[in-house]
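Numbering-wise (the numbering used here), the sequence shown opens with residue 618 and increments by one.
Where a beta carbon is used, it is the ideal one built from N, C-alpha and C, also for glycine.
A quick note: this is a predicted structure, and the numbers were derived from the prediction, not measured.
The next block holds one structure in the form of structure tokens; read it before the comments.
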Amino acid sequence: MGLNIDVDGLKLAYDTVPVLDGTEFRVERGDLVALLGANGAGKSTLLRCISRILQPAAGSILLDGRELRHFNSREAARLMAVVPQETAADFDFTVEDIVMMGRFPYLRRFRKEEGKDYDTVRRAMEMTGVAHLAERSLAALSGGEKQRVIMARAVAQQPEVLLLDEPTANLDIGYQSMLLELAARLNWEQEVTVIAAIHDINLAVHHFNRFILLSGGRVMAAGRAEEVITSENIQKSYGVKASIYRHPLHGVIQVSVVSKKENAGVDQKKPEVHVIGGGEEALPVLELLSQKGYRLTVGPVSAQDSSCRFAHFHNLPVIIVPPFTSMKDEHRQEHLSLMHRAAAIVVPPIPFGEGNLPILEQVAAVLSENKKIYIIDLQGVAKRDYSGGKALKLLQEMVDRRAVVMETIESLPEIIGSGGGGTNE
């Protein structure tokens, strides 16, 4: 199963506004493709052209080398199934009736459905989780349920090409994954060629293996996630600054959009702040202070640390050390230099062990220089102390010497700016 699809020089305009402007690409038999792009990039229009809902003004679409316009309606319906972005539900058909419509291309004239058609429909409803709704009216269902019914109809059609236009728009996260996993299953088991317009990039990379990025009605990039989903491409196509990183659990590419506040820039009038350690626990501190325009330094952290990625993305000075090893003298000196330079030092709510205990010892050493030190969530340290209580003891000694304790970070920027303190314990 599956078909090769060649799109060559498609052009189409709404009134005088070009939507597709020479769009061209090739989808190989059995590809699992996500169409990406900002609103108005041409994703839905492209799918409507492939599904023959719209007729392009110029260009061609070939299925296995044959012009799409040369297929009759029944032939095209046997080859391609479509799950549209919006589902009309003004008619009072049952769910089973709607799914059975997927069998229409296979029914002979004046012949009723046969046993194999009912078997195919039943399997399609089971695969999409709507079998229990078989006797319900489509008009009485929720938006997400309707979308799954339309997906079941497409499955019952037994296509070689499956076109999905924003198929997860009305679904909760559970059914989003189920629907896209079903599309992937059809691709793997039956070699169905799948092309889907997907709004959520991070969702798409979990389920698709090839990506086509549209911008201004043209293909900006096509290929694997690493080739298509880059900071530069996101900036050009979506008009936003984004950080690209690997999902810590699944290892797939992920996109994090930088907010306008976060990208507001540094206020040179504000004091420099050094944030020690790293990990996910330090990110909220870094993000908040960055949004408020503070000049930041970071570390010591490993190159794989999320705080290190944050520092590189924002061009912050960062001390990088090898993981699971003791700090070398050069790193100790570099860390001391950053702390001496900073007006304030923040200890985020990070875990402590023998490996990063020397960092705390250095922080304690600069406290004697009347340096402002802010310790976040001292009460929770006991649960994060894997040094046999040494870290907690060291932090408590710093508090006794006027380090500032803060249970939350919300007021941290204002307190640092005023040179004030929180509540010492």
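- Selection V636, E641, Y631 evaluated against D623 yields E641 as nearest (Cα-Cα).
- DSSP, reduced to helix, strand and coil, places A800 within a helical segment of the structure shown.
- The residue from I936, K628, Q775 with its alpha-carbon nearest to that of R739 is Q775.
- Per DSSP, P917 is one residue of the beta strand (DSSP E) stretching across 912–918.
- Distance check between A769 and each of S794, A814, M717, V935 places M717 closest, using alpha-carbon atoms only.
- G970 sits exposed, since fewer than 16 C-beta atoms from the chains shown fall within 10 Å of its C-beta.
- Taking one beta carbon from each stretch, the stretch 676–683 and the stretch 745–764 have fewer than 3 pairs nearer than 8 Å; the two do not touch.
- By the Cβ rule, the stretch 959–979 counts as touching the stretch 886–902, because three or more pairs are nearer than 8 Å.
- Rounded to whole angstroms, the separation of the alpha carbons of L629 and V712 is 35 Å.
- Counting along the chain, R691 sits inside the alpha helix (DSSP H) bounded by residues 690–696.
- If the five residues before and after G896 are omitted, its C-beta is found closer than 7 Å to the C-beta atoms of D922, S923, S924, I967, all from its own chain and listed in chain order.
- When C-alpha distances from D884 are compared across K909, V872, E898, the shortest belongs to K909.
- Taking K660 as reference, the option from G761, T785, S832, R669 with the minimal CA-CA separation is S832.
- Assigned with DSSP and collapsed to three states, E889 falls in strand.
- Only exposed fits H957, as fewer than 16 other CB atoms lie within 10 angstroms of its CB.
- Considering only L995, V915, V634, S1035, the residue with the shortest C-alpha distance to E1024 is L995.
- For E1027, the closest of E731, L906, E777, G1006 by C-alpha to C-alpha distance is L906.
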